[in-house]
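Just so you know, the sequences run in chain order A and B. Each residue of the first sequence is one higher than the last, beginning at 1 in the working numbering. Each residue of the second sequence is one higher than the last, beginning at 110 in the working numbering. For every residue, glycine included, the Cβ atom is placed at its ideal position computed from N, Cα and C.
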Amino acid sequence: EKVMTQSPLILSVSPGEGATLSCRASHTIGNNLAWYQQKPGQAPRLLIYDASTRVTSIPTRFSGSGSGTEFTLTISSLQSEDFAVYYCQQYNKWPPGGTFGQGTKVELK
Amino acid sequence: VELVESGGALVQPGRSLRLSCAASGFNFNVFGMHWVRQSPGKGLEWVAGINWKNDTLDYADSVKGRFTISRDNTKNSLFLEMNSLRPEDTALYYCGKDIAATVTTYVIDHWGLGTLVTVSS
């Protein structure tokens, strides 16, 4: 079973500051990693896939990096609309499916 | 792209329920589709996926043997048949579209708003 571990679970940040979120896979997954943002009462929104490919509509302040087992989502200069929960998801082919991490809540400091 | 789930309800443990997802705004026939659930106040759990050709079905271990995913490409619809429901199946169930055409990646680029399933006596 592939396990995804995110850290920290809660990140307190002031508007305008940067934030670095981490995601660790229990087994190597190449670059098969996605990041999602979820705001209260809303469905998740895809931000990044293939570890570093940003979805067209996502602002450039969001960037992803990493490969193998260690991955990072970086948000430069947080805006008020960025306070949310962020999930990583691995999607290697076996076992089939996409395992999510437990989420990192980015909150206002 | 629009995905609209329906069918969620309050059901007793051991009973069955069928969820539906109506898709529009894209060529449904060439994209894999998924169900993802979220228990109240908890994280996301991928539940099941089906490829565009309707011949490859994948399930999370937690639902294997109890849930069945299916699709009707003539009606742009996705379904989840849930049997032997347990209290731990209580969650908001999201329908999701795979990001890639004709190959299942498990990356979900569009999500519905979800339908709530509550399993309780």
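Relative to VAL85(A), the option among ARG146(B), LYS151(B), ALA131(B), GLY223(B) whose CA is nearest is LYS151(B).
Listed along the chain, the chain B residues whose CB falls inside 8 Å of the CB of VAL55(A) are ASP218. In the displayed model, PHE71(A) falls within a strand according to three-state DSSP.
Restricting attention to GLU154(B), THR165(B), ASP167(B), the CA atom closest to the CA of PHE100(A) is found in GLU154(B).
The residue from LYS93(A), GLU81(A), ILE48(A) with its alpha-carbon nearest to that of ILE217(B) is ILE48(A). Assigned with DSSP and collapsed to three states, GLU197(B) falls in helix. LEU153(B) reaches chain A at PRO44, TYR87, PHE100, counting residues in chain order whose Cβ is nearer than 7 Å. Note that the segment 20-37 of chain A touches the segment 74-94 of chain A; at least 3 beta-carbon pairs, one per stretch, sit closer than 8 Å.
The C-alpha of LEU73(A) lies about 28 Å from the C-alpha of ASP170(B).
Less than 8 Å separates the beta-carbon of LEU201(B) from that of LEU225(B). Taking C-beta atoms as the reference points, GLY134(B) and VAL110(B) count as a pair closer than 8 Å. Relative to ASP164(B), the option among THR227(B), VAL212(B), ILE208(B) whose CA is nearest is VAL212(B). Residue contact with chain A for ILE159(B): absent (no Cβ-Cβ distance below 8 Å to any residue of chain A). In the structure shown, ASP50(A) falls within a coil segment according to DSSP collapsed to helix, strand and coil.
Residue-level contact check: PRO8(A) does not touch chain B, since none of the beta carbons of chain B fall below 8 Å from its beta carbon. A residue is called buried when at least 16 other Cβ atoms come within 10 angstroms of its Cβ; ARG124(B) does not meet this threshold and is exposed. Taking a cut-off of 8 Å for Cβ pairs, the segment 3-16 of chain A and the segment 171-185 of chain B do not touch, as fewer than three such pairs fall below it. When C-alpha distances from TRP94(A) are compared across ASN32(A), SER52(A), ASP82(A), the shortest belongs to ASN32(A). With a minimum length of 3 residues, the unbroken runs of beta strand (DSSP E) contained wholly in the segment 173-224 of chain B fall at 176-181, 186-191, 200-210, 217-220. Taking C-alpha positions only, ARG127(B) is separated from SER179(B) by approximately 11 Å. Taken atom to atom, the span from the alpha-carbon of PRO8(A) to that of GLU190(B) is near 36 Å. For VAL228(B), the closest of LEU112(B), LEU119(B), GLU114(B) by C-alpha to C-alpha distance is LEU119(B).
For THR224(B), the closest Cβ of chain A is not nearer than 8 Å. Of ASN138(B), VAL113(B), LEU112(B), the smallest CA-CA separation from ALA209(B) is found for ASN138(B).
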